[in-house]
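As numbered in this note's numbering, residues 721 to 1244 make up the sequence shown, in order.
Beta carbons are placed, not taken as given, at the ideal position from N, Cα and C, and that holds for glycine.
Just so it is clear, the structure is predicted and the values come from calculations on it, not from any experiment.
The structure appears right after this line, and notes come after that.
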Amino acid sequence: MIKLRLAPYADDSMWSWTGDRYCTPDRCSEVTPYTHPMVEHLAVTDRHRTMIVVRERVTGRLPCEPEPRTVSPTEYGTARHLAGQWPADYVLVETTPHSPALITAGACRTTPLYLAHDDMSLYGSWDMADLSNHITGLNPREIARLLIYRPRYSDDTPFRGIHRITERATAHYGGHLYLRYPEPALHSGPRDLAPDADVLGAFVETMDDAMDLRPLDPAKTVFHLTGGFDSGTLATRAAERFPGQLSTSALLIGGPGREQQIRRRKEIRSAVPFADRDDLLDAMVHTPLHPECVRVRGALISPYEEPLHHPFTRMTKTLSARGADTVVTGLCGDEMVALSQAEYPHKAMGDLRDIPLLPWIGKRASAALEFADDGIAPPAVVNSMSLLSLETTAPVLLREGIWPVHPFADPSMIQLGEWLPMDWRELKQLQRRRLAALGLSEDVTQPAERESFAEVVQHALTTYGRPLFARMLHEGSALFDDGLVNPDGLRQAVRRLSEGTYREDGDAQLLQVINLHLATQAFL
């Protein structure tokens, strides 16, 4: 939601608004907000300190005037305190003459913010491509995490020289960059329900509150309706409140779940009045790693961006072309009702015991995994896995002028999930029972087939992926040079793809290998 360049220790007390950015008189510092109806920005100064805030708009408030406002030192302190209480996403920049610059991120992150610096300035952007000139090499620890699907929320990125500012963290820059994590966010556990507890009523009310927080325009808002429980519960509730006004979209999967997905979506759209418009894109046709994919064609695409980049980009362009400016997703519904290890002991994602299934993991990556949990951010207000997931979708949408909204990542939704007893969270009983209450059949509430992108990934790897791996093995890769990927092990895995002995548990991770290779090739 923000791009910036800040020069510390300058006499930068006289910021001005130029019509598209905030600048100091010498133009050594500038802050450029993302332009969108769902985003606003403001600036406050006491003629010594200056605070610039770029944030999501909330319902019931007129957009802020962008021109810097001069206030007393006491009023400035009050404004600074209130800025930190904003209930939606925000980034706050503070400058003081002859002092380090400060950047603080809000708790409800919707978009990423990456930072880099040189001896003179700090640079920031939601698009990692803007910082590519500051890369000094690869970060083995973060790349190792990604290779084994063991994501960790931290200020690390795959590239040395580029950092992520995490939720509620503050970046201090005075020639050297220091990132300070916040105190751990406090969370609660399941509660006993009162005999007359209306759980579904509370769920509906909390969904309404989460969606009402932002001033959505139904005519320009699209609900990503996959056919699954999470997007289904949100979209049907919104359609009840705005009958006939809300359009939908989805990527169609492959495999045995495809026909079921089509049936379930049709039934969901028939249960409540949606708008006629329903944009579908076949991910088995517009598959990841397709020769037309911008990632494959060498564009500067962050390795964090959507793994299914090509179909997701094609869909986003379609929505933008027809006038949509906001997409509402069901992302983070899994995390809202997740079971703890105590409730349901299970193997964590990226379990180190899985490494033997991944013969391409290089010696340096294996060594780095000993430190995989070092330097991670403390517990967040929004689940850290949710925040990482949201970061994957935002850049693709923002490039096309579309703002993402994820109601399941709202703190009120998270708290409701934490309070629910296990029997309401297990197997997503909360979402299933809500859909059943709308009269939807067991085909929707108790689907027989798994619906996932597993077959799409398999198709991508066994068709377009094979020549990409052949080229990688022939021409070399920075991942080989740094000992992060073992070319012999990769060659063994690619040979198995050619022999038609694909195994989902192990081979699917090859998509991350090629995405990381394409990113290092482009950025380095």
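The beta strand (DSSP E) enclosing residue 761, as first and last residue numbers: By 1-based counting over the sequence shown, the position of residue 761 is 41. Taken as a continuous stretch (DSSP letters only), the beta strand (DSSP E) holding residue 761 covers 759-765.
Report, in whole angstroms, the separation of the C-beta atoms of residue 971 and residue 1003, which I expect to be a contact under 8 Å. Taking the sequence shown and counting its residues from 1, one reaches residue 971 at position 251. Taking the sequence shown and counting its residues from 1, one reaches residue 1003 at position 283. The beta-carbon distance between residue 971 and residue 1003, rounded to whole angstroms, is 5 Å. This is short enough to meet the 8 Å contact definition.
Would residue 928 pass as an interface residue toward chain B - the criterion being a Cβ-Cβ separation below 8 Å? The question asks about chain B, but that chain is absent: this structure has only one protein chain.
If you count every other CB in all the chains shown that lies within 10 Å of the CB of residue 853, and 16 or more means buried, which is it? As a first step, residue 853 is located in the sequence shown; it is residue number 133 there, counting from the start. Residue 853 should be labelled exposed.
I need the straight-line Cα distance from residue 1098 to residue 905, nearest angstrom please. Here residue 1098 is taken as the residue at index 378 of the sequence shown, counted from 1. Here residue 905 is taken as the residue at index 185 of the sequence shown, counted from 1. Residue 1098 and residue 905: Cα-Cα distance of roughly 8 Å.
Taking 7 Å as the limit between beta carbons, can you name the residues of its chain near residue 922, skipping five residues before and five after? The residue given as residue 922 occupies position 202 in the sequence shown. Answer for residue 922: 1136, listed in chain order.
Where are the alpha helix (DSSP H) runs, 4 residues long or more, that stay fully inside the segment 1094-1132, in chain order? The DSSP assignment places 1104-1119 as complete runs of the alpha helix (DSSP H) inside the segment 1094-1132, in order along the chain (cut-off: 4 residues).
Can you list the alpha helix (DSSP H) stretches of 4 or more residues lying completely in the segment 1014-1064, in chain order? Secondary structure in the segment 1014-1064: the alpha helix (DSSP H) runs of 4 residues or longer, each lying completely within the stretch, are 1029-1041, 1053-1056 in chain order.
Could you spell out the range, first to last residue, of the beta strand (DSSP E) harbouring residue 725? The sequence position of residue 725 within the sequence shown is 5, counting from 1. Judged by DSSP secondary structure, residue 725 falls within the beta strand (DSSP E) whose first and last residues are 722-726.
Judging by CA-CA distance, which residue of 1080, 1107, 753, 1021 is the nearest neighbour of residue 1205? Locating residue 1205 in the sequence shown gives position 485, where the first residue counts as 1. Nearest C-alpha to residue 1205: 1080.
Just grab the DSSP bridge partners of residue 941 for me. For this step, residue 941 is matched to residue 221 along the sequence shown. Answer is 1046.
To the nearest angstrom, report how far apart residue 1227 and residue 867 are at their CA atoms. In the sequence shown, counting from the first residue as 1, residue 1227 sits at position 507. In the sequence shown, counting from the first residue as 1, residue 867 sits at position 147. Near 12 Å, if we compare the C-alpha coordinates of residue 867 and residue 1227.
According to DSSP, residue 824 sits in a beta bridge with which residue or residues? Counting from 1 along the sequence shown, the entry for residue 824 is found at position 104. Beta-bridge pairing links residue 824 to 812, 890.
Residue 774 bridges to which residues according to DSSP? On the sequence shown, residue 774 is found 54 positions in, with the first residue counted as 1. 761, 811.
Buried versus exposed call for residue 1148 [16 or more other C-beta atoms within 10 Å across all chains shown]: As a first step, residue 1148 is located in the sequence shown; it is residue number 428 there, counting from the start. So residue 1148 ends up on the buried side.
Using a Cβ-Cβ cut-off of 7 Å (strictly less than) and excluding sequence neighbours within five positions of residue 1153, which residues of its own chain qualify? Here the question's residue 1153 lines up with position 433 in the sequence shown. Cβ neighbours of residue 1153 beyond the five flanking positions: 920.
Nearest-angstrom Cα separation, counted from residue 948 out to residue 725: The residue labelled residue 725 in the question sits at position 5 within the sequence shown. The residue labelled residue 948 in the question sits at position 228 within the sequence shown. Taking the straight line joining both Cα atoms gives about 42 Å.
How about residue 869 and residue 886: do their beta carbons lie closer than 8 Å? Along the sequence shown, one-based indexing puts residue 869 at 149. Along the sequence shown, one-based indexing puts residue 886 at 166. Contact flag unset, no.
What is the residue span of the alpha helix (DSSP H) that residue 1242 lies within? One-based indexing of the sequence shown puts residue 1242 at position 522. Here the alpha helix (DSSP H) through residue 1242 covers 1230-1243.
Write down every uninterrupted run of the beta strand (DSSP E) in the segment 895-936 whose length is 3 residues or greater and which is fully enclosed by it, in chain order. The segment 895-936 contains these whole beta strand (DSSP E) runs: 897-900.
Restricting to Cα atoms, I'd like to know which of 1026, 1106, 1201 is closest to residue 1118. The sequence position of residue 1118 within the sequence shown is 398, counting from 1. The shortest C-alpha separation from residue 1118 is found at 1026.
Just to confirm before moving on: does the CB-CB distance between residue 1039 and residue 1176 stay below 8 Å? As a first step, residue 1039 is located in the sequence shown; it is residue number 319 there, counting from the start. As a first step, residue 1176 is located in the sequence shown; it is residue number 456 there, counting from the start. Taking 8 Å as the Cβ cut-off, residue 1039 and residue 1176 do not qualify as a contacting pair.
Which residues does DSSP list as the beta-bridge partners of residue 962? Position 242 of the sequence shown, counting from 1, holds the residue named residue 962. According to the DSSP secondary-structure assignment, residue 962 is paired through a beta bridge with no residue.
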